[in-house]
Amino acid sequence: SRASLLEKLISRVRKKKPRAGVLVKGVEDILIKFGKCCQPVPGDAIIGYITQGYGVTVHRASCVNALRMSPERQIEVEWSTESADRYPVKIQILSYDRVGLLADVVSSISKFGANILNASSETKETQMVESFFTINVEDKEHLEKILSAVKKVKHVQDARRVG
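Under the numbering used here, the first residue of the sequence shown carries the number 29, and numbering increases by one thereafter.
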């Protein structure tokens, strides 16, 4: 039954350190992971998925992988209000090439106190630049402020969240 599956899972993963920032309804002290596919951040609607041996994996409610989950392994989760964590999010930026473009993009991200964890950029034959950054953000609002600032950089055509 669902209850016994949950109890077995909880007893197995209780010893591990819980991930601050997310509360699992009716359960304390359980290991939390975040789906790499959708990279949820506070402010996103989220759903939990019971994973054997790994606790609960949290996905954005709109995540394609979350929508494919078997309903009996889904569990209600919510963001904790006292989290001071930062969360990695991948963003894509499309722009026209020019001298200083990347410096301006990086500056607009850093201005909001977001650390850049990963960056890759490629200039196509059309002089369009496709850049991907993984940045650490506090929540959805923080991410939206950064994307808005990046879109104002000269020659940037689009900046959006990936996943």
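The beta carbon of each residue, even a glycine, is placed where N, CA and C say it ideally should be.
Give me the residue from the options with the minimum Cα distance to residue i.
i: V52; options: G76, A142, N143 and D72; result: G76
i: T154; options: D125, Q80, I121 and R96; result: D125
i: K139; options: Q80, L171, R96 and Q185; result: L171
i: V105; options: S136, E56 and Q80; result: E56
i: Q163; options: S90, R188 and P99; result: One point to set straight first is that residue 163 is Ile, not Gln, in the sequence displayed. Of the listed residues, the one whose Cα sits closest to I163 is R188.
i: S135; options: I174, I58, L59 and R88; result: I174
What are the residues that DSSP puts in a beta bridge with residue i?
i: D125; result: D125 pairs with nothing; no bridge assigned.
i: E158; result: L122 and E150
i: A99; result: Note that residue 99 corresponds to Pro in the displayed sequence, not to Ala. Answer is none; P99 lacks a bridge partner.
i: A28; result: The displayed coordinates of the chain run from 29 to 191. Any statement about residue 28 would go beyond what the structure contains.
i: E110; result: DSSP lists no partner for E110.
Look at residue i and residue j and say whether their C-beta atoms are less than 9 Å apart.
i: N93; j: G63; result: yes
i: Y115; j: V69; result: yes
i: I103; j: V190; result: no
i: R101; j: I78; result: yes
i: L95; j: Q185; result: no
i: I144; j: A177; result: no
i: E150; j: S159; result: yes
Determine, using beta carbons only, whether residue i comes closer than 9 Å to chain B.
i: E56; result: Annotation note: the requested chain B is absent from the structure, which comprises a single protein chain.
Which whole-angstrom value is the C-beta distance of residue i and residue j, which I expect to be below 8 Å?
i: G49; j: W107; result: 7 Å
i: V86; j: I58; result: Incorrect: roughly 11 Å between the Cβ atoms, too far for contact.
Any contact of the stretch 175-184 with the stretch 128-135, i.e. 3+ C-beta pairs under 8 Å?
-> In short, these stretches touch, since the Cβ pair count reaches three.
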